[in-house]
């Protein structure tokens, strides 16, 4: 071979040369010199196959003089139809006359055409000319089409003819009636379970036929599954346009070429690896998952996010999302979605068999074969009313797979009797009828459900109130006729026999398929209760929403909770039929338990009374309960300050609640506390003197710590996502020398770094080894976590435990431990790409401004920042638009930094540093470039220097800008990606229309700082007595306040403080600060984790501000206080202040784990609770 | 010579390279203007939107990472253009869009599968390759680029090309290799 002759370059070098992969020019020259004399190598070069990149370049056809040449090869005929301004349609291809445009797939355009010989209309798929230009692609297209044409199967689209017109391959297919599954999902009513199973079975059968001939589809998705309306929605798989014969795969595709649709793609396919039949099965699993649950198993706004989800996420079992889904189907879907293909069913045939087992036959086959499970499907009116009747096995028959499914559905309904379950569903309502089949026989006739008693007599007839009632939106009722002639319209009915319910009918309003399931998930976070939560807004609050129930029976209805509590007896329940908001407390319940829960269809918002702390009750409770306390399905707003005394009467439990603006959850003495399926957004979490805490499947975001427990307590945290700043668990000194038992299992714990890294435990004495028993398993610790913090005996400051290694050993030996230390959370939304950050801000301000009193709040976004807004401000200043010829003045020779003296150009230089040196006091440095340029230091003593963008430019300065002693600077229209650091006796006097990452602002009685229309990510304010700083129309991410002495002033006018993080937006923790900051704040918006302040000695005078915050604890020199009411009372200010909406921090996008697949061994995250709560946006 | 072997994206990423920005601007501004004026907008507003697009690119290009999917850059760029136009239309209460079906056209452009998007993708590559070949001509001379065009774009053999241009076959191969290498440098924008 030539590559063994020393004089010849190796084949690889030659190949690299031919493919343009050599960068070194000398190497190219040497090879060319060799080629001059070597015929063999030239031949070899010519024989190398053309690589992917070269093909890509060739396919652009760039630089060819006749741009029409590509379409000219299609046909010389005239164009008959224009679909889009640029797409031309030929009027004839092969023997087909083109009549119109139908759509397009990955490789081809599909036309409506007529076969001229047979006068038959067909769908003609024609390869795109630009792709057909590549002979290999053309070959591939033909080959696939021929392979597909060779298979005849009911579930594969038939191919009449494969041909070529010139160099354009095409194929003719029958014109199918119906629609794609994709269209069906977008426009039709929800699919019923039998429909889902049937679609899956058909698709699997079609795939089986193709796979058995070695054909892989590679792009199974709803848009490629056709529902043929003439044949009862028979599925035909479309578009083998991406499919390749399996055995020739390696030869025809480029390695690493990813084909397919990301949302439905198997992991191996996404990685660009070789695909096989099982990759199609994965895609089918995605389709089925979507059909079962209403959403995709893997999600992401971007392809990258999607592929990350694909690699990392374990989707929830469909039956958890929707209890109707039989366990077998749910399991099958999960097996199809196995990341490892060997874990998937071995073949499409196996999937067909598995689905056969799930397939709940239609009426006729059920009757014919006496299948013990009967599913009636009202096909006559598929878009109006669908009824399913699932019956359990007759006991004589051996249970089949299908029987288990029906039973599973019944068990999942959570009802003891549920022997029959009938579901009428329409677009927005579900009527669920549960019947004990020992008491009744059920028959569905003519749109009515007839229940016959054991004596054979008709007992009840149940039907929609009006014939078309279930077709329309709105609250529905149903009509019941009893044997003795009583007729009633109602939305709920329970019939009891000997105290046991034997018939239960409930009507639930649901949203469309996707939404209803989303809400179901949100409502039952864990998804295992099987309830479908109705849209709260659809049901108006009842006039007396607080319903007191005793032994399940209504006692009385009340307008307020207090009324119900006054009549409360032991074991009573208060059920709330309304969304509120309702103010709660202060309430005392002694000697009785208290159960508060939401009625189905409501999510009551209970606002905890904001009683202000005084000397006698520094921490007044909203609820004082001696006995059990249980709250379920409510939003609790404000601090849930519960005094809870467990006297052996039962636990304190919170289920499916959201806790917002919460300083602390409560104080429980010796209690058993159970918190499940909750979103908790607090500052200080739960305090417990001694007792047992169980927290399961919650998302908790804490601005400080999550749990405080006394000695002898035990803590069990399972399946939670926990975001913590201070410490996860604070342990008080032991009682009677008993240690605290802490068990963490299957949690994601995220350490949010704020000054110091958080600790898993803080111990109020030095004895952590003696007082803490730590047991962890299968946890993922993200971010940085410190060893325990200890409070030394002097009690002054927490310090890190000295025995770090010992602690690390305990954590590092946890079974199933995963760590992702590099994970950092960009809580400060100004870190986001600006458009995203500002889109959120605009949205929030829009919400706030809808309030008439606050219509003018926050910055004017059109004037904010550099670029266009700066130009606008310049125009306003000069009173006229900047003339076109003054925009973007050219940089002259010398460079884009122009030094202007009294408006006249003195010098052009290339760097800011040179410009600073050239400038004298009062000069302006104008930057005439958009490119990033290094920042520079302002030399000592230069004063009144202005650096600004030339009109029309957006200059970017990178790196730090240090202002030396006595320097003074003005900045206009710049983006500065770095720090601005003035020396102690230097300052920035004015900033207009800039965006700046970090700014240190010095002010004292001689130095002021004014910031206008600017965005400052972090603003460190160094103030001395008399210092003044004024911000208007600006956005600040975070204030680090340092009032050194005396009194200094900060004015905020039409600003936004934008810090949706668990911590404070204004803080100072430096003990050097001895001064007080006086705030004058008008028309500004605060989006913060806690109420904005932490440890700042201040005075506050506010007018017309809006506050949205998570935790509600704030701190000033007098100590801690809670809530806006306390704020108002303390400062006698902000009467017009208002809270509008829930804080952005409730947006799950903010606490989603930013973990890439495989990073630090976290490819498989054990806990996806965050994802479970991701849908919890509707309250 | 070292620096020129770095791709435009990497140069932008490294920061502080005004030349790279100018190159990028010259490669894209005219082409984007063409799309905006001819298909997407009323011409009066084009310059505003174009400036916004370029501003966003200026800010975000250094952050762009090719995810390996075909057309990642083109799609990313398309997304920015669509968003900027939508943003502009929102601010000007629907103004600026081309005709009544402006939103439909935008929707098409936002949809990866649409004909319009494919048109965009095709024209993007065609335009970019033409531009890059122009730059290559400046550096390597006209004959080199002609040889490249003949072999790669027109599919002629090295022998045919050599005969047509009156140079040696080896020179044709060297020309192809050099120019292809230069294009390959900007692979992330093209692939």
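Chains as they are written, first to last, in the working numbering: chain A, 1 to 1179; chain B, 10001 to 10191.
Just so it is clear, CB atoms sit at the ideal spot from N, CA and C, and this is done for glycine as well.
Just so it is clear, the structure is predicted and the values come from calculations on it, not from any experiment.
According to DSSP, is residue 417(A) helix, strand or coil? On the first chain, residue 417(A) is found 417 positions in, with the first residue counted as 1. Only weak support exists for where residue 417(A) lies, its pLDDT of 32 falling under 50; the value from the coordinates is given anyway. Looking at residue 417(A) - three-state DSSP - the assignment turns out to be coil, as it is neither helix nor strand.
Chain-ordered neighbours of residue 10164(B) on chain A, where CB pairs are closer than 7 Å: Translated into positions along the second chain, residue 10164(B) becomes position 164. Going along chain A, no residue has its Cβ under 7 Å from residue 10164(B), so there is no contact; the nearest lies around 15 Å.
**Prompt:** Is the segment 1074–1087 of chain A touching the segment 1102–1111 of chain A in the sense that three or more CB pairs, one from each, lie closer than 8 Å?
**Reply:** yes
Grouping DSSP H, G and I as helix and E and B as strand, with all else coil, what is residue 1086(A)?
-> On the first chain, position 1086 is the one that residue 1086(A) refers to. Three-state DSSP puts residue 1086(A) in a strand.
*asked:* The alpha helix (DSSP H) that contains residue 984(A), what's its start and end?
replied: Counting from one through the first chain, the residue named residue 984(A) turns up at place 984. Element bounds for residue 984(A): n/a, residue is neither H nor E.
Please tell me whether residue 157(A) has its Cβ less than 9 Å away from any Cβ of chain B. One-based indexing of the first chain puts residue 157(A) at position 157. Chain B contact via Cβ: absent.
For the pair the segment 348–358 of chain A and the segment 195–214 of chain A, tell me if three or more CB-CB distances fall below 8 Å. yes
Worksheet item: Using the beta-carbon of each residue, which ones in chain A are nearer than 9 Å to residue 10035(B)?
Response: The residue given as residue 10035(B) occupies position 35 in the second chain. Near residue 10035(B) there are no residues of chain A at all, since even the closest Cβ is about 10 Å away, more than 9 Å.
*Would you say residue 10128(B) faces chain A, with C-beta separation under 9 Å as the test?*
On the second chain, position 128 is the one that residue 10128(B) refers to. Judged by the 9 Å Cβ criterion, residue 10128(B) is in contact with chain A.
- Task: Would you verify that the beta carbon of residue 10008(B) is, or is not, closer than 9 Å to some beta carbon of chain D?
- Result: Included in the structure are the protein chains A and B, with no chain D among them.
Range of the contiguous beta strand (DSSP E) that encloses residue 10010(B):
Residue numbering aside, residue 10010(B) sits at position 10 when the second chain is read from its first letter. Premise fails: residue 10010(B) lies in the alpha helix (DSSP H), 10008–10014, not in any beta strand (DSSP E).
**OP:** Go ahead and label residue 418(A) buried or exposed: buried means 16 or more other beta carbons lie within 10 angstroms of its beta carbon, across all protein chains shown.
**Re:** Working through the first chain from its first residue, we reach residue 418(A) at position 418. The pLDDT assigned to residue 418(A) is 32, lower than 50, so where the model puts this residue is not dependable; a value taken from the coordinates is nonetheless given after this. Residue 418(A) comes out buried.
**Request:** Would you please verify whether the beta carbon of residue 549(A) is less than 9 Å from any beta carbon of chain B?
**Result:** In the first chain, residue 549(A) corresponds to position 549, counting from 1. It does not: the Cβ of residue 549(A) has no partner Cβ on chain B nearer than 9 Å.
Roughly how many angstroms lie between the CA atoms of residue 844(A) and residue 139(A), to the nearest whole one? Numbered from its first residue, the first chain carries residue 844(A) at position 844. Numbered from its first residue, the first chain carries residue 139(A) at position 139. When rounded, the distance between both Cα atoms is 55 Å.
(request) Can you say whether residue 10178(B) is buried or exposed, counting buried as having 16 or more other CB atoms within 10 angstroms of its CB? (result) Numbered from 1 along the second chain, position 178 holds the residue referred to as residue 10178(B). Answer is buried; the Cβ neighbour count reaches 16.
Margin query: Determine whether the beta carbon atoms of residue 789(A) and residue 811(A) lie at a separation below 9 Å.
Written below: Residue numbering aside, residue 789(A) sits at position 789 when the first chain is read from its first letter. Residue numbering aside, residue 811(A) sits at position 811 when the first chain is read from its first letter. No. Outside cutoff.
key: Where residue 223(A) falls: helix, strand or coil (DSSP)   = What you label residue 223(A) is simply residue 223 of the first chain in a count that begins at 1. Looking at residue 223(A) - three-state DSSP - the assignment turns out to be helix.
Discussion item. Mapping the DSSP letters down to three states, classify residue 342(A) as helix, strand or coil.
Written reply: Against the first chain, residue 342(A) aligns to sequence position 342. Residue 342(A): helix per DSSP, three-state reduction.
Next item on the list: Could you check what DSSP says for residue 1189(A) in three-state terms: helix, strand or coil?
Entry: What is shown of chain A runs 1 to 1179, which leaves residue 1189(A) out entirely.
Note to self: Alpha carbons only, please: which of 23(A), 20(A), 32(A), 731(A) is nearest the one belonging to residue 8(A)?
What the structure shows: Position 8 of the first chain, counting from 1, holds the residue named residue 8(A). For the residues 23(A), 20(A), 32(A), 731(A), the minimum Cα distance to residue 8(A) belongs to 32(A).
Checklist entry - When the Cα atoms are used, what is the spatial distance from residue 10109(B) to residue 10008(B)? => result For the purposes of this step, residue 10109(B) is taken as residue 109 along the second chain, with counting starting at 1. For the purposes of this step, residue 10008(B) is taken as residue 8 along the second chain, with counting starting at 1. Whole-angstrom Cα-Cα distance: 25 Å.
| task | Could you tell me the boundaries of the alpha helix (DSSP H) in which residue 289(A) lies? | result | Reading the first chain from its first residue, position 289 is the one you call residue 289(A). Start and end: 277–293.
Report task. To the nearest angstrom, report how far apart residue 10104(B) and residue 10071(B) are at their CA atoms. Result -> As a position in the second chain, residue 10104(B) is number 104, starting the count at 1. As a position in the second chain, residue 10071(B) is number 71, starting the count at 1. C-alpha separation (whole angstroms): 22 Å.
Practice task
Determine contact between the segment 176–188 of chain A and the segment 262–271 of chain A, defined as no fewer than three beta-carbon pairs at a distance below 8 Å.
Solution key: no
*Evaluate residue 39(A) with the Cβ neighbour count: other Cβ atoms within 10 Å of its Cβ, from every protein chain shown; 16 or more gives buried, anything less gives exposed.*
Counting from one through the first chain, the residue named residue 39(A) turns up at place 39. Exposed: under 16 other Cβ atoms inside 10 Å.
*asked:* Helix, strand or coil for residue 773(A)? Go by DSSP, reduced to three states.
replied: Start at 1 with the first residue of the first chain, and residue 773(A) comes out as number 773. If DSSP states are grouped into helix, strand and coil, residue 773(A) belongs with the strands.
Helix, strand or coil for residue 195(A)? Go by DSSP, reduced to three states. On the first chain, position 195 is the one that residue 195(A) refers to. DSSP places residue 195(A) in helix when its eight states are reduced to three.
Where in the segment 10099–10183 of chain B do unbroken runs of the alpha helix (DSSP H), each at least 4 residues long, occur, reported from the N-terminal end onward?
10102–10110, 10115–10140, 10142–10148, 10158–10165
Uninterrupted beta strand (DSSP E) stretches inside the segment 852–923 of chain A (no shorter than 3 residues):
897–901, 904–909
*asked:* Does residue 137(A) pass the burial test, meaning 16 or more other C-beta atoms within 10 Å, or should it be called exposed?
replied: Numbered from its first residue, the first chain carries residue 137(A) at position 137. Residue 137(A) should be labelled buried.
*Exposed unless 16 or more other CB atoms sit within 10 angstroms - verdict on residue 10020(B)*: For the purposes of this step, residue 10020(B) is taken as the residue at position 20 of the second chain. So residue 10020(B) counts as buried.
Cutoff 9 Å: residue 816(A) Cβ touching any chain B Cβ
Walking along the first chain from the start, residue 816(A) turns up at place 816. Output row for residue 816(A): interface = no.
*asked:* Strictly under 9 Å for the Cβ-Cβ distance: is residue 10103(B) near chain A by that measure?
replied: As a first step, residue 10103(B) is located in the second chain; it is residue number 103 there, counting from the start. Chain A contact via Cβ: absent.
Does the Cβ of residue 29(A) have 16 or more other Cβ atoms within 10 Å, making it buried, or fewer, making it exposed? Residue mapping note: residue 29(A) aligns to position 29 of the first chain, counting from 1. Under this definition residue 29(A) is an exposed residue.
For this session: Any chance you could list the beta strand (DSSP E) runs of at least 3 consecutive residues sitting entirely within the segment 922–977 of chain A, in chain order?
Result: 924–927, 932–934, 945–949, 956–958, 961–963, 968–972
* Whose C-beta lies closer than 6 Å to the C-beta of residue 42(A) among residues of the same chain, with five residues either side of it excluded? -> Here residue 42(A) refers to the residue found at position 42 when the first chain is read from its first residue. Only 35 meet the Cβ criterion.
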